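My numbering numbers the first residue of the sequence shown as 2 and each following residue consecutively.
Think of the CB as a built atom: it goes at the ideal place given N, C-alpha and C, for glycine as much as any other residue.
Given the structure is predicted, the values throughout are model-derived calculations rather than measurements.
Below: one structure, written as structure tokens.
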Amino acid sequence: MVEILQVGNKVVQTNEILSLLARYQLMPQFLRGLMIDNAIAEVTCTPEERQAAFQSALAQLQLTTPEAKTAWLESQGMSEAQLEELAVRPLLLEKFKHATWGNKVESYFLSRKTNLDQVVYSLIRTKDLGLAQELYFRILEGENSFADLAREYSDGAEAHTGGLLGPVAISQPHPALAKLLSVSQPGQLWPPRSLGEWFVLVRLEKFIPAQLDDAMRRYLIDELFENWLREQIQKLGPIRSLWSSEDSEPEQ
2 MVEILQVGNK
12 VVQTNEILSL
22 LARYQLMPQF
32 LRGLMIDNAI
42 AEVTCTPEER
52 QAAFQSALAQ
62 LQLTTPEAKT
72 AWLESQGMSE
82 AQLEELAVRP
92 LLLEKFKHAT
102 WGNKVESYFL
112 SRKTNLDQVV
122 YSLIRTKDLG
132 LAQELYFRIL
142 EGENSFADLA
152 REYSDGAEAH
162 TGGLLGPVAI
172 SQPHPALAKL
182 LSVSQPGQLW
192 PPRSLGEWFV
202 LVRLEKFIPA
212 QLDDAMRRYL
222 IDELFENWLR
232 EQIQKLGPIR
242 SLWSSEDSEP
252 EQ
């Protein structure tokens, strides 16, 4: 049996690797790393880009002296070449993402836009229908502000913000609330609605349409990548150990 790693008095055998990854809940990260390495295997960068990435990694790790770098490498069990590869990996991954999905962002954005639009809204929730109806008319007739009544009567965490929530993606609230907000006009107050165990008052404060700016473009490319990566890992199927008969035989 091949011994591959010794940590103190513990010697890790080849056939223990998968069980240890599972025990420490590292299998998802391990598979993710394998799939990324496979994806970026053919991606290249210039020597200047590689050097810039390496220097940036040294700065982030605060390895500003040769002594600090040597000590860190020893503590991680890495060589300088391995550190350089680790530093360049995010750059290669970004190049892979943009080469694969950069020209698909516009159409993907249009298909996702209704879920990317954001809203700011006010909410009061209570389990007392009579109270909810009273609060609705007090707000509607201008007797009290929504914020003051939310602070005093709302039973949710929104009481701490005067009932104000957002901006959040319109898909984030409860589906029934999201549907209501999607057909609301700013300032529109809805009568009490049943929502599970609650009766809620909701008012749309602001609608913020999604725009395909640089930040949104990066977000969508990352989302497309994560969807792809999840599919690739699912395609792998069960993870099995493959050992030769010699490896599986007990030592004499």
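With distances taken between CB atoms, is the gap from Arg-204 to Phe-147 smaller than 8 Å? As a first step, residue 204 is located in the sequence shown; it is residue number 203 there, counting from the start. As a first step, residue 147 is located in the sequence shown; it is residue number 146 there, counting from the start. Yes, Cβ-Cβ distance for Arg-204 and Phe-147 is below 8 Å.
Kindly indicate which residue of Gln-83, Glu-75, Asn-39 has the alpha-carbon position closest to the one of Ala-58. Here residue 58 is taken as the residue at index 57 of the sequence shown, counted from 1. Closest option to Ala-58, Cα to Cα, is Gln-83.
N- and C-terminal bounds of the beta strand (DSSP E) containing Gly-263: Limits of the chain in this structure are 2 at one end and 253 at the other, which puts residue 263 out of reach.
On a CA-only basis, which of Gln-186, Pro-174, Ser-20, Arg-113 is nearest Leu-196? Give me that one, please. Here residue 196 refers to the residue found at position 195 when the sequence shown is read from its first residue. Among Gln-186, Pro-174, Ser-20, Arg-113, the Cα nearest to that of Leu-196 is on Pro-174.
How long is the line joining the alpha carbons of His-99 and Ser-80, rounded to whole angstroms? Position 98 of the sequence shown, counted from the first residue, corresponds to residue 99. Position 79 of the sequence shown, counted from the first residue, corresponds to residue 80. Approximately 30 Å, taken between the alpha carbons.
Provide the residue span of the beta strand (DSSP E) that contains Leu-190, from first to last. Here residue 190 refers to the residue found at position 189 when the sequence shown is read from its first residue. That run of the beta strand (DSSP E) goes 190 to 196.
Alpha carbon to alpha carbon, how far is Ala-40 from Ile-240? Give it in angstroms, no decimals. Along the sequence shown, read from residue 1 onward, the residue named residue 240 stands at position 239. Along the sequence shown, read from residue 1 onward, the residue named residue 40 stands at position 39. Their backbone Cα atoms lie some 20 Å apart in a straight line.
Which word fits Tyr-25, buried or exposed, when buried means at least 16 other C-beta atoms lie within 10 angstroms of its C-beta? Within the sequence shown, numbered from 1, the residue matching residue 25 stands at position 24. Exposed: under 16 other Cβ atoms inside 10 Å.
Output needed for Pro-168: all residues of its chain with C-beta closer than 6 Å, excluding positions within five of it in sequence on either side, in chain order. If you number the sequence shown from 1, residue 168 lands on position 167. Excluding positions up to five away in sequence, the list reads Gln-119, Val-121, Ile-209.
Counting Cβ pairs closer than 8 Å, one from the stretch 178 to 196 and one from the stretch 129 to 143, do we hit at least three? yes
Other residues of its chain near Lys-128: CB distance less than 8 Å, five sequence neighbours each side excluded: For this step, residue 128 is matched to residue 127 along the sequence shown. Asp-156, Glu-198, Trp-199, Phe-200.
Using only alpha-carbon positions, find the residue among Pro-29, Asn-10, Lys-11 that is nearest to Leu-19. Locating residue 19 in the sequence shown gives position 18, counting from the first residue. With distances taken between Cα atoms, Leu-19 lies closest to Pro-29.
Range covered by the alpha helix (DSSP H) that runs through Val-184: As a working note, residue 184 is residue 183 in the sequence shown. It is not in any alpha helix (DSSP H) - Val-184 carries neither H nor E in the DSSP assignment.
Exposed or buried, Ala-60, counting other C-beta atoms within 10 Å across all chains shown (16 or more means buried)? The residue labelled residue 60 in the question sits at position 59 within the sequence shown. Flag for Ala-60 reads exposed.
Short Cβ contact (8 Å threshold) for Trp-102 with Leu-225: Counting from one through the sequence shown, the residue named residue 102 turns up at place 101. Counting from one through the sequence shown, the residue named residue 225 turns up at place 224. Contact flag set, yes.
Lys-96 - containing beta strand (DSSP E), residue span: The count along the sequence shown starts at 1 and reaches residue 96 at position 95. No beta strand (DSSP E) holds Lys-96; the alpha helix (DSSP H) holding it covers 81 to 102.
Do the CB positions of Phe-110 and Leu-221 come within less than 8 Å of each other? For the purposes of this step, residue 110 is taken as residue 109 along the sequence shown, with counting starting at 1. For the purposes of this step, residue 221 is taken as residue 220 along the sequence shown, with counting starting at 1. Contact: yes.
Pair within 8 Å by beta-carbon distance, Leu-21 and Val-8: Translated into the one-based positions of the sequence shown, residue 21 becomes position 20. Translated into the one-based positions of the sequence shown, residue 8 becomes position 7. In this structure, Val-8 does not lie closer than 8 Å to Leu-21 by Cβ.
Does the beta-carbon distance from Ile-171 to Asn-228 come in below 8 Å? Start at 1 with the first residue of the sequence shown, and residue 171 comes out as number 170. Start at 1 with the first residue of the sequence shown, and residue 228 comes out as number 227. In this structure, Asn-228 does not lie closer than 8 Å to Ile-171 by Cβ.
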